[in-house]
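A quick write-up on the structure given underneath.
4 protein chains.
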Amino acid sequence: MFILVNLKAYPCDPIEVATAARDVAEESGVRIAVSPQAAQIESVADTGVETWAQHVSPNGHGSFTGSTLAEAVADAGAEGTLLNHSENRLKLADIDTAVKAAERAGLETCVCANNPDQIGAAAALKPDSVAVEPPELIGGDVSVATADPDIVTDAVDAAGAVDESVDVYCGAGISTGDDVVTAQDLGATGILLASGVAKADDPRAALEDLVAGL
Amino acid sequence: MFILVNLKAYPCDPIEVATAARDVAEESGVRIAVSPQAAQIESVADTGVETWAQHVSPNGHGSFTGSTLAEAVADAGAEGTLLNHSENRLKLADIDTAVKAAERAGLETCVCANNPDQIGAAAALKPDSVAVEPPELIGGDVSVATADPDIVTDAVDAAGAVDESVDVYCGAGISTGDDVVTAQDLGATGILLASGVAKADDPRAALEDLVAGL
Amino acid sequence: MFILVNLKAYPCDPIEVATAARDVAEESGVRIAVSPQAAQIESVADTGVETWAQHVSPNGHGSFTGSTLAEAVADAGAEGTLLNHSENRLKLADIDTAVKAAERAGLETCVCANNPDQIGAAAALKPDSVAVEPPELIGGDVSVATADPDIVTDAVDAAGAVDESVDVYCGAGISTGDDVVTAQDLGATGILLASGVAKADDPRAALEDLVAGL
Amino acid sequence: MFILVNLKAYPCDPIEVATAARDVAEESGVRIAVSPQAAQIESVADTGVETWAQHVSPNGHGSFTGSTLAEAVADAGAEGTLLNHSENRLKLADIDTAVKAAERAGLETCVCANNPDQIGAAAALKPDSVAVEPPELIGGDVSVATADPDIVTDAVDAAGAVDESVDVYCGAGISTGDDVVTAQDLGATGILLASGVAKADDPRAALEDLVAGL
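Chains as they are written, first to last, in this note's numbering: chain A, 45 to 258; chain B, 45 to 258; chain C, 45 to 258; chain D, 45 to 258.
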């Protein structure tokens, strides 16, 4: 399982979370990455943790003021990027272009979407992975362990029907180690979570709980 | 073959084009539709021609000022709608929602996209058809008959790999009857064109030429 | 006072509201307009009521599939247009271009904004009017008569400081005739309302109440 | 005069330009800042040059994946931010919110716009400065020294009519020291330029030429 901690624009200390993630990954052998804002990538990557961007723009070098160039986040130390997160929905054509821009810059890609049809569409764009963010689960009131399990398995089926090589992550509804195991049992090979770690009083303890059942 | 004439925001007389399209469709037996702006749907549909919207919004009834409600264009006489035209690119999530909104309103749907990867993604959203608009062909300087034929066949293959029931239209590079035949030979079951008819001195003659080889 | 009834994408009968608005305007001598979706402008205008678009696009004739051309809505019978409604926020550059497009097509313009700073900015773009939509009032739980009266007077002052010729409408918080009088006393020369009429069991009675105190 | 060098997404070495800008600013006494992408702010600011963001998002801390938080770019070392650059046009409401977000984070703000009406609108949002980017001058084929001088003086007048405390920068058409002097004579108190420095073979020499006449 791959655990990706999205720091969003939370008022957390990105270095504290990054250091905890690096240590728990080393101790547990579980792959864990942290996704800070673009302006924090360099200092987060300097901790040694696997670092992901939250977004890259659908353009290469050129006259694109205000864009988040894939090459620039890669130079700053990012190894992957989220795309089309539910808080940052993109045009279909821009997801396609951004996936290709990220690949040119050597970044792993995870395209988010919120139902099996969109997961199939995202998989058709050939990212490394897709993350299903069912609206029922976004916000965290319901865990994937208690929600209708079809939510994840349908996404796994939809992605697999289009391209079997695309991994499917569970993009919402995860806050405990039990949720991680449930997601794994449903066919997800990774999870995205945010507040469960980024807003935790003790991010290290939260991460240790998440990997405990793996 | 299905011929869909997109009037865009051209300074043409929509009723003149609609009347010509209705007559040529009746005389030739070829299915021809006209796609005017939302404000012109009612008067275009009144001619009896098959009428398509150029876009519908990804929402149902409610507080959506300035939207183009699928139910409203259907009530005005539209039978189908384009979505995600290259001049009106939409977010992936909005294409999905708009396809479903159009279906609820009884509208046929055609999602545009500009390369085989995006065509596969569009097909995954289960519209009735997709239209490939290769950037090489948009603008009309190159006809599909002289361009690399892989442009259309790759789109047909990409859509078919995802959902065999989705029709593939050729969304650019068509201005003559020969182009229509070429598109048909490459596997397209319909064509989108705009200026070749809408800006023609004689729209009826242009349409008659388009259907001549069918 | 000018009363503009925004039908949004509500499931109302636009002809019923339009007919009521036409009759109440004639009987009361108060200026009343109805703003339906683009696809309904032609049939609404046919009733004889003053008809406004909910939006026009920042472009002229040309290759703009899915746009709402100012000339097209004017041809369909619109005499004015809203722009930048809170449900349809536009880029600053596009508001500027759309105001100019609307003026070229002979449409009166009302640019919405939600605080005095934005009202000043909107007034700088030289529309005929601006409408202040304070977030506190949107949705209708609070009426302008009970809210902090500074909300409207600050907007009137902000617009006047930039361009005294721009009218200021009250764009939220109105549902009764008392509210209309309050808005007028605060310096507004018009009001925008939606559900209070469009969703009323008896739109004619709702309109008669609105004009009763004028 | 204030000289702001926008690095856009150019394939330049941001540290080389930053170091040159820092040195020329120190030697000449002219205020010079460099505006890199968000992911490069920290390393650019580490050179000691005044550093500006190219954009900040209209939000504070919270669930805003992919946003460019004003506080985050300030923490990384930025002292100011561009907003609404012609390559990154924003909604009016978002410019307003982003100006306020930047001010909360202690960032100086410069809102770009492309004609006197929009400059007046931008000034109404109370940024520290506005930059006029006349379409005639964007791209650099025409210098402000040879273009119609009304382009800049009209912008200065438009901003002054709304808020005299807002500085006006010349946002296009500058590549030489003579252009800088011309812009100053027309009432601009700063200039934005990009390729003239960022793509120069010798950025230091380009900057020395720009300040030579001051």
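Quick reminder that beta carbons are idealized off the backbone N, C-alpha and C, glycines included. All values reported here derive from a predicted model rather than from experimental measurement.
Practice problem: Report the neighbours of ASP140(C) on chain D: residues whose CB is nearer than 8 Å to its CB, in chain order. | Solution: By 1-based counting over the third sequence, the position of residue 140(C) is 96. Under the 8 Å cutoff, chain D gives ASN159, ASP161, GLN162 and ALA165.
Quiz item: If you scan the region 158-193 of chain A from start to end, which runs of the beta strand (DSSP E) of 3 or more residues do you find wholly inside it?
Solution: The region 158-193 of chain A contains these whole beta strand (DSSP E) runs: 173-176.
Quiz item: Just the Cα atoms here: how many angstroms apart are GLY92(D) and GLY121(D)?
Solution: Along the fourth sequence, one-based indexing puts residue 92(D) at 48. Along the fourth sequence, one-based indexing puts residue 121(D) at 77. Note on geometry: alpha-carbon atoms of GLY92(D) and GLY121(D) lie some 9 Å from one another.
Exercise. Drop a sphere of 10 angstroms on the beta-carbon of LEU258(C), count the other beta-carbons inside from all chains shown, and report buried for 16 or more, exposed for fewer.
Key: The residue given as residue 258(C) occupies position 214 in the third sequence. Under this definition LEU258(C) is an exposed residue.
Quiz item: Nearest to TRP96(B) by alpha carbon, out of PRO102(B), ASP211(B), ALA82(B) and PRO179(B)?
Solution: As a first step, residue 96(B) is located in the second sequence; it is residue number 52 there, counting from the start. For TRP96(B), the nearest C-alpha among the options comes from ALA82(B).
Quiz item: Taking the DSSP output, what are the residues bridged to ASN50(A)?
Solution: Looking up residue 50(A) in the first sequence gives position 6. In the DSSP output, where bridge partners are listed per residue, ASN50(A) has SER79(A).
Practice problem: List the residues of chain D that PRO55(A) touches, going by C-beta distances under 7 Å, in chain order. | Solution: Indexing the first sequence from 1 puts residue 55(A) at position 11. Result: HIS105.
Quiz item: Which one of ILE47(B), GLU115(B) and ASN50(B) has the shortest CA to CA distance from TYR54(C)?
Solution: Here the question's residue 54(C) lines up with position 10 in the third sequence. For the residues ILE47(B), GLU115(B) and ASN50(B), the minimum Cα distance to TYR54(C) belongs to GLU115(B).
Quiz item: Could you give the distance in angstroms between the alpha-carbon of LYS140(C) and the alpha-carbon of ALA165(D)?
Solution: Here residue 140(C) refers to the residue found at position 96 when the third sequence is read from its first residue. Here residue 165(D) refers to the residue found at position 121 when the fourth sequence is read from its first residue. Looking at the sequence provided, one finds Asp at residue 140(C) rather than Lys. Annotation: ASP140(C) to ALA165(D) spans about 9 Å, alpha carbon to alpha carbon.
Quiz prompt | Whole beta strand (DSSP E) elements within the region 185-254 of chain C, 3-residue minimum | solution = For the region 185-254 of chain C, whole beta strand (DSSP E) runs of length 3 or above, ordered along the chain, are 211-214 and 234-237.
Quiz item: Considering only residues of the same chain and omitting the five flanking positions on each side of ARG75(D), which have a CB-CB separation below 6 Å?
Solution: Here residue 75(D) refers to the residue found at position 31 of the fourth sequence. The answer, listed in chain order, is PHE46.
Exercise. Starting from the C-beta of VAL28(B), find all residues in its chain whose C-beta is less than 8 Å away, skip the five residues before and the five after it, and write them out in chain order.
Key: The structure shown does not extend to residue 28(B), since chain B is modelled only from 45 to 258, so the question has no answer here.
Practice problem: For chain B, find out if any of its Cβ atoms is closer than 8 Å to the Cβ of THR190(C); answer yes or no. | Solution: Residue numbering aside, residue 190(C) sits at position 146 when the third sequence is read from its first letter. Chain B contact via Cβ: absent.
Self-check item: Assumed close pair ASP172(A), THR153(A) - CB separation to whole angstroms, cut-off 8 Å
Solution: Along the first sequence, one-based indexing puts residue 172(A) at 128. Along the first sequence, one-based indexing puts residue 153(A) at 109. Taking 8 Å as the upper bound for CB-CB distance, ASP172(A) and THR153(A) are in contact here, some 5 Å apart.
Quiz item: Just by C-beta distance, which residues in the region 186-215 of chain C are closer than 7 Å to chain D?
Solution: Residues of the region 186-215 of chain C with a C-beta less than 7 Å from any C-beta of chain D: VAL206, listed in chain order.
Quiz item: So which residues of chain C does SER87(B) contact, with C-beta pairs closer than 7 Å?
Solution: Locating residue 87(B) in the second sequence gives position 43, counting from the first residue. Within chain C, the residues near SER87(B) are GLU86.
Exercise. Grab the span of the beta strand (DSSP E) containing ALA97(B) for me, first residue to last.
Key: Residue mapping note: residue 97(B) aligns to position 53 of the second sequence, counting from 1. Here the beta strand (DSSP E) through ALA97(B) covers 94-97.
Self-check item: Segment limits, alpha helix (DSSP H) that includes LEU136(D)
Solution: Position 92 of the fourth sequence, counted from the start, is the residue given in the question as residue 136(D). Element bounds for LEU136(D): 136-148.
Practice problem: Would you grab the beta carbon distance between ALA142(D) and VAL206(D) for me? Rounded to a whole angstrom, and I think it's under 8 Å. | Solution: Taking the fourth sequence and counting its residues from 1, one reaches residue 142(D) at position 98. Taking the fourth sequence and counting its residues from 1, one reaches residue 206(D) at position 162. Wrong, their Cβ atoms sit about 18 Å apart, outside the cutoff.
Exercise. Per DSSP, which residues does GLU152(A) bridge with? Please list them.
Key: Here residue 152(A) refers to the residue found at position 108 of the first sequence. The partner list for GLU152(A) (beta bridge, DSSP) reads GLY124(A).
Self-check item: Span separating the alpha-carbon of ALA89(C) from that of VAL78(C)
Solution: As a position in the third sequence, residue 89(C) is number 45, starting the count at 1. As a position in the third sequence, residue 78(C) is number 34, starting the count at 1. Distance between the alpha carbons of ALA89(C) and VAL78(C) is about 9 Å.
Self-check item: Under 9 Å from the C-beta of ASN128(C): neighbouring residues of chain D
Solution: In the third sequence, counting from the first residue as 1, residue 128(C) sits at position 84. Near ASN128(C) (Cβ distances below 9 Å), the residues of chain D are LYS135, LEU136 and ALA137.
Practice problem: Taking the CB atoms as reference points, tell me whether THR226(C) and VAL200(C) lie closer together than 8 Å. | Solution: Residue mapping note: residue 226(C) aligns to position 182 of the third sequence, counting from 1. Residue mapping note: residue 200(C) aligns to position 156 of the third sequence, counting from 1. Contact check for THR226(C) against VAL200(C) fails: the beta carbons are separated by 8 Å or more.
Quiz item: ALA168(A) touches chain B at which residues, Cβ-Cβ below 7 Å?
Solution: Here residue 168(A) is taken as the residue at index 124 of the first sequence, counted from 1. In chain order: ASP161, GLY164, ALA165, ALA168 and VAL206.
Quiz item: Are the C-beta of LEU113(A) and some C-beta of chain D separated by less than 8 Å?
Solution: In the first sequence, residue 113(A) corresponds to position 69, counting from 1. True, the Cβ-Cβ gap to chain D drops below 8 Å.
Quiz item: Whose C-alpha, out of ALA202(D), ILE195(D), ASP192(D) and SER111(D), is nearest the C-alpha of ALA167(C)?
Solution: Position 123 of the third sequence, counted from the first residue, corresponds to residue 167(C). Checking every option, the nearest Cα to that of ALA167(C) belongs to ALA202(D).
Exercise. Provide the residue(s) that pair with GLY106(B) in DSSP beta bridges, ordered along the chain.
Key: Here residue 106(B) is taken as the residue at index 62 of the second sequence, counted from 1. DSSP output for GLY106(B) lists ALA53(C) as bridge partner(s).
Self-check item: Cutoff 7 Å; reference ASP185(C); Cβ partners in own chain excluding five residues on either side
Solution: On the third sequence, residue 185(C) is found 141 positions in, with the first residue counted as 1. Here ASP185(C) has no same chain residue with a Cβ atom under 7 Å from its own Cβ, once five neighbours each way along the sequence are excluded.
Quiz item: Going straight from the alpha carbon of PRO80(D) to that of GLY106(A), what length do you get?
Solution: As a first step, residue 80(D) must be located in the fourth sequence, where it is residue number 36. As a first step, residue 106(A) must be located in the first sequence, where it is residue number 62. PRO80(D) and GLY106(A): Cα-Cα distance of roughly 13 Å.
Self-check item: Selection from LEU230(B), GLU86(B), GLY231(B) and GLY221(B) that minimises the alpha carbon distance to LEU237(B)
Solution: Locating residue 237(B) in the second sequence gives position 193, counting from the first residue. For LEU237(B), the closest of LEU230(B), GLU86(B), GLY231(B) and GLY221(B) by C-alpha to C-alpha distance is GLY221(B).
Quiz item: Taking only beta-carbon atoms, is LYS180(A) less than 8 Å away from chain D?
Solution: Taking the first sequence and counting its residues from 1, the one referred to as residue 180(A) is at position 136. Sequence check: residue 180(A) is Glu here, not Lys. By this cut-off, GLU180(A) is not an interface position.
Exercise. Would you kindly report the start and end of the unbroken alpha helix (DSSP H) that includes THR63(C)?
Key: Here residue 63(C) corresponds to residue number 19 of the third sequence, with the count starting at 1. It spans 58-72 - the alpha helix (DSSP H) in which THR63(C) sits, taken as one unbroken run.
Quiz item: What is the DSSP secondary structure of ALA256(B), reduced to helix, strand or coil?
Solution: Indexing the second sequence from 1 puts residue 256(B) at position 212. Coil at ALA256(B), not helix or strand.
Quiz prompt | C-beta neighbour in chain A for ALA82(D), strict 8 Å | solution = What you label residue 82(D) is simply residue 38 of the fourth sequence in a count that begins at 1. Cβ-Cβ to chain A under 8 Å: yes for ALA82(D).
Quiz item: How many Å lie between ALA175(B) and VAL61(D) at the Cα?
Solution: Locating residue 175(B) in the second sequence gives position 131, where the first residue counts as 1. Locating residue 61(D) in the fourth sequence gives position 17, where the first residue counts as 1. Between ALA175(B) and VAL61(D), the C-alpha separation is close to 46 Å.
Practice problem: Consider the Cβ of TYR52(B): report whether some Cβ of chain C lies at a distance smaller than 8 Å. | Solution: The residue you call residue 52(B) lines up with position 8 of the second sequence. The sequence shown places Lys at residue 52(B), rather than the Tyr named in the question. LYS52(B) has a beta carbon lying within less than 8 Å of a beta carbon in chain C.
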